[in-house]
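Engineer: For the sequence shown, our numbering begins at 725 and goes up steadily by one.
Each residue gets a CB set at the ideal place from its N, CA and C atoms; glycine is no exception.
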Amino acid sequence: MTADPNLDTGLPIRLLHDRVLVKVDGSEGERRSTAGIVIPATAAVGKRLAWATAVGVGPHVRAVVAGDRVLFDPDDRSEVELHGRGYVLLRERDVHAVAAERVESESTGSTGLYL
Numbered sequence: 725m726t727a728d729p730n731l732d733t734g735l736p737i738r739l740l741h742d743r744v745l746v747k748v749d750g751s752e753g754e755r756r757s758t759a760g761i762v763i764p765a766t767a768a769v770g771k772r773l774a775w776a777t778a779v780g781v782g783p784h785v786r787a788v789v790a791g792d793r794v795l796f797d798p799d800d801r802s803e804v805e806l807h808g809r810g811y812v813l814l815r816e817r818d819v820h821a822v823a824a825e826r827v828e829s830e831s832t833g834s835t836g837l838y839l
């Protein structure tokens, strides 16, 4: 696994099969709209996907590498604490989209909007 240097402070970790270890971006509490309006965590919203940064991937993961930003459903996640930090463990099939510089270079004239 290619790992975040922050994970190197304890026992080595190897992800198996199609697992992706991610660090969730920002807090899950209140957030701000693009206009600067504060939206409380208790506000009812439809099904909302979340962005996270991949910090490690298993040997059978094909579309994600460490450092990619991934879009996933926060309701279908397994949380884990490693070396005092919280992470989310996903299967590759639970990742809805990948955002990375290399994605545009791999595309062949597509818009990149295919989800």
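Note down the Cα distance separating Arg786 from Arg817, rounded to an integer number of angstroms.
Structural biologist: Straight-line Cα distance between these residues: approximately 10 Å.
Engineer: Under the assumption that Gly782 contacts Leu814 (Cβ atoms under 8 Å), give the Cβ distance between them as a whole number of angstroms.
Structural biologist: No, Gly782 and Leu814 are not in contact; Cβ-Cβ is about 10 Å, not under 8 Å.
Engineer: Can you give the Cα-Cα distance for Pro736 and Gly760, rounded to whole angstroms?
Structural biologist: Answer to the nearest angstrom: the Cα atoms are 41 Å apart.
Engineer: Verify the CB distance criterion: does Val827 have a CB-CB separation below 8 Å to chain C?
Structural biologist: Of the protein chains in the structure, only one exists, and it is not chain C.
Engineer: So the beta strand (DSSP E) Gly810 belongs to, where does it begin and stop?
Structural biologist: Gly810 -> beta strand (DSSP E) spans Arg809 to Arg815.
Engineer: Assuming Val744 and Val804 make a contact with CB atoms under 8 Å, what is their CB distance in whole Å?
Structural biologist: 12 Å between Cβ atoms; not a contact.
Engineer: If you drop the 5 nearest sequence neighbours on each side, which residues of the same chain put their C-beta closer than 7 Å to that of Asp800?
Structural biologist: The residues are Asp818.
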